[in-house]
Amino acid sequence: MVRNVLGDKAKREISKISLSNNTVRRRIDDMAADVCNQVCQEIRASAFRASLQLDESTDIANQSQLIAFVRYEKEKKVKEEFLFCELLTTTTTAEEVKKLVDYFFEKNGLSWMQFQHICTDGAPAMIGVRTGFVTRVKSKWPHISNSHCSLHRYALASKTMPPELMSVLDSVISSINFIRGRAKNHRLFDLMAQEMGSTHTSLLYHTQVRWLSRGKCLARVLKCTRK
Numbered sequence: 332m333v334r335n336v337l338g339d340k341a342k343r344e345i346s347k348i349s350l351s352n353n354t355v356r357r358r359i360d361d362m363a364a365d366v367c368n369q370v371c372q373e374i375r376a377s378a379f380r381a382s383l384q385l386d387e388s389t390d391i392a393n394q395s396q397l398i399a400f401v402r403y404e405k406e407k408k409v410k411e412e413f414l415f416c417e418l419l420t421t422t423t424t425a426e427e428v429k430k431l432v433d434y435f436f437e438k439n440g441l442s443w444m445q446f447q448h449i450c451t452d453g454a455p456a457m458i459g460v461r462t463g464f465v466t467r468v469k470s471k472w473p474h475i476s477n478s479h480c481s482l483h484r485y486a487l488a489s490k491t492m493p494p495e496l497m498s499v500l501d502s503v504i505s506s507i508n509f510i511r512g513r514a515k516n517h518r519l520f521d522l523m524a525q526e527m528g529s530t531h532t533s534l535l536y537h538t539q540v541r542w543l544s545r546g547k548c549l550a551r552v553l554k555c556t557r558k
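Structure below.
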């Protein structure tokens with residue numbers, strides 16, 4: 332492709348680039364740092380204060396990660412961007428969370444004066460009345476407001492369903508497990524979906540941990556039945 336667009340000379344130069352794991356990782360790190368720098372520059376240049384959303388999550392390696400998203404104004408439009416994902420190496424207390432956020436702000440030239448709102452989940456470490464993260468921030472920056480993440484509210488609401496809806500969900504999950512749980516059944520379903528001209532030829536597993544999959548697996552079944 333490079334040869335067709337730029338010629339043989341460019342092809343030879345491109346072929347000299349190392350594609351080892353370490354080289355690719357360095358390039359990814361460089362691009363990630365550049366994107367982060369651009370987002371921080373846009374936050375500093377914004378005419379209005381930004382909003383920050385934080386969530387602590389544990390990955391499959393039992394590592395606690397603090398994920399941050401930011402919403403700010405740029406050229407009279409609201410932008411939402413991923414800000415950072417950093418490891419909480421020891422504990423997940425409010426003190427450690429604030430230290431991590433403050434360190435990131437200091438390293439990237441940001442200040443709490445550039446933020447107006449914080450959105451978190453309902454964990455005591457985040458919204459504890461005495462020593463929670465939000466309380467610690469407000470004690471020094473009283474202009475900051477806060478709210479509870481609406482998605483977490485939906486997650487709590489979806490844990491209890493009326494018997495009529497639960498029976499439908501149980502039937503769908505049982506059917507999905509029957510099809511996906513056996514290779515032969517999965518192949519036959521895939522063949523049938525192709526013959527019917529269905530957009531989707533595979534079903535999605537439902538998982539209790541990631542509650543958003545509930546709607547996705549039901550929507551996929553509904554799309555397949557319409558065919």
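FYI, in the numbering used here the residues of the sequence shown are 332 to 558.
Yeah, the Cβ is synthetic: ideal placement off N, Cα and C, and Gly gets one too.
Here the structure is a predicted model, which means the values were calculated and not measured.
The residues Ser377, Ala378 and Phe379, in chain order, have a CB closer than 7 angstroms to that of Glu404 in the same chain once the five nearest residues on each side in sequence are set aside. Put simply, of Glu526, Leu534, Gly528 and Thr530 the residue whose alpha carbon is nearest the alpha carbon of Arg513 is Leu534.
Looking at Ala454, Leu414 and Asp501, the one whose alpha-carbon comes closest to that of Cys480 is Ala454. Distance from the CA atom of Thr530 to the CA atom of Cys555, rounded to whole angstroms, is 8 angstroms.
In terms of Cβ geometry, Phe435 and Ser382 do not form a close pair [threshold 8 angstroms]. Between Ile374 and Val401, the C-beta spacing is below 8 angstroms. Going by DSSP, Asp386 is part of the beta strand (DSSP E) stretching over Ala381 to Thr389. Lys408 has Lys405 as its beta-bridge partners, per DSSP. Put simply, the stretch 425-439 touches the stretch 461-476. At least three CB pairs are less than 8 angstroms apart. The way I'd put it, the stretch 380-399 does touch the stretch 407-421; three or more beta-carbon pairs between them come closer than 8 angstroms. Apart from the 5 residues on each side of it in sequence, Cys450 sits with its Cβ closer than 8 angstroms to the Cβ of Ser382, Leu383, Gln384, Leu385, Asn477, Ser478, His479 and Cys480 in its chain, given in chain order.
A distance below 6 angstroms between beta-carbons, with the five flanking residues on each side excluded, links Phe509 to no residue of its chain. Between Ser388 and Asp452, the alpha-carbon positions lie close to 11 angstroms from each other. When the five nearest sequence neighbours on each side are left out, the beta carbons in the same chain lying within less than 7 angstroms of the beta carbon of Gly440 are those of Cys371 and Arg375, in order along the chain.
Take Ile507, set aside five residues on each side of it, and the residues of its chain with a beta-carbon closer than 8 angstroms to its own are Leu534, Leu535, Tyr536, His537, Cys548 and Val552, in chain order. Boundaries of the beta strand (DSSP E) harbouring His479: Ser476 to His479, taken from the DSSP string. For Thr423, there is no enclosing beta strand (DSSP E), as DSSP marks it with neither H nor E.
The beta carbon of Asp521 lies closer than 7 angstroms to those of Thr532 and Ser533 in the same chain, with the five residues before and after it left out.
Under the DSSP assignment, Thr451 falls in the beta strand (DSSP E) whose first and last residues are Phe446 to Thr451.
Inclusion of Trp443 and Ile475 in the CB contact set at 8 angstroms is warranted, their separation being smaller than that value. In the displayed model, Ala454 falls within coil according to three-state DSSP, outside both helix and strand.
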